[in-house]
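Notes for the one structure printed next.
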């Protein structure tokens, strides 16, 4: 069964460093998302991406964050200058379509645990 | 601010019993509703989606939606210890971004 994959599974970085989190969405999906979950808190939307541009972003997704689809398979989240409060699980998700019964279902990758020291 | 509210639990039920999980949401234009299961340290795993008022059954799981009351629920019949997890209610509207509740932690006691 197709699945979303993410690398690395765990990333440790020093405050102020740049990190890139990588995702490979399900191959026939057109919509891609990043979410984060701080330990013990709820899953929060960061950004959605379609047709090589950002569709929507949350207040969390400030100028320190960027997303890119550098090729036909990868979808990346970059954090330019990490802060302690960026420590969280970051989940990538993808869906086939929007506003279509079942096709708008988002499937999540296993996540990347980011630890900022 | 779009809110999704869930009772955080923990909810404990004996093996074989019915577990009932509830969720309310604030955005009246919400169109799609999802239940995800999340084991500790893992990612959300889809259990069910529901789009129209009424009940939707899939195996031991039944989702119920009442848009007038802005309420969605999940029933788990014949609960098993492997069902012990946190259950996340998620709601989307317009741009398809998911808004999650804080989750209800379910423990099924053997």
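Protein chains in written order, with my numbering: chain A, 974 to 1090; chain B, 127 to 236. Idealized CB from N, CA, C, for every residue including glycine. These figures come from a predicted structure and were not determined experimentally.
When the beta-carbon positions are compared, residue 231 of chain B and residue 136 of chain B come within less than 7 angstroms of each other.
Taken in chain order, the unbroken stretches of beta strand (DSSP E) that lie wholly in the segment 1034-1068 of chain A and span 3 residues or more are 1038-1041, 1048-1052 and 1061-1068. From the beta-carbon of residue 142 of chain B, no residue of chain A is found nearer than 9 angstroms; the closest lies around 29 angstroms away.
If you look at residue 182 of chain B, you'll find it in the beta strand (DSSP E) that goes 180-184. Taking all protein chains shown into account, residue 163 of chain B has 16 or more neighbouring C-beta atoms within 10 Å of its C-beta and is therefore buried.
In the displayed model, residue 208 of chain B falls within a helix according to three-state DSSP. By the criterion of at least three beta-carbon pairs nearer than 8 angstroms, the segment 142-156 of chain B is in contact with the segment 196-211 of chain B. Between residue 995 of chain A and residue 1049 of chain A, the beta carbon gap of about 5 angstroms places them in contact (Cβ cut-off 8 angstroms). Interface flag for residue 1016 of chain A against chain B is set, since a Cβ pair is found closer than 7 angstroms. In this structure, residue 1005 of chain A lies near residue 1022 of chain A, with their beta-carbon atoms less than 7 angstroms apart. The beta-carbon of residue 1064 of chain A is placed less than 7 angstroms from the nearest beta-carbon of chain B.
Residues of chain A with a Cβ closer than 7 angstroms to the Cβ of residue 158 of chain B are, in chain order, 1077. Beta-carbon to beta-carbon, residue 132 of chain B and residue 215 of chain B are separated by about 5 angstroms, close enough to satisfy the 8 angstroms threshold.
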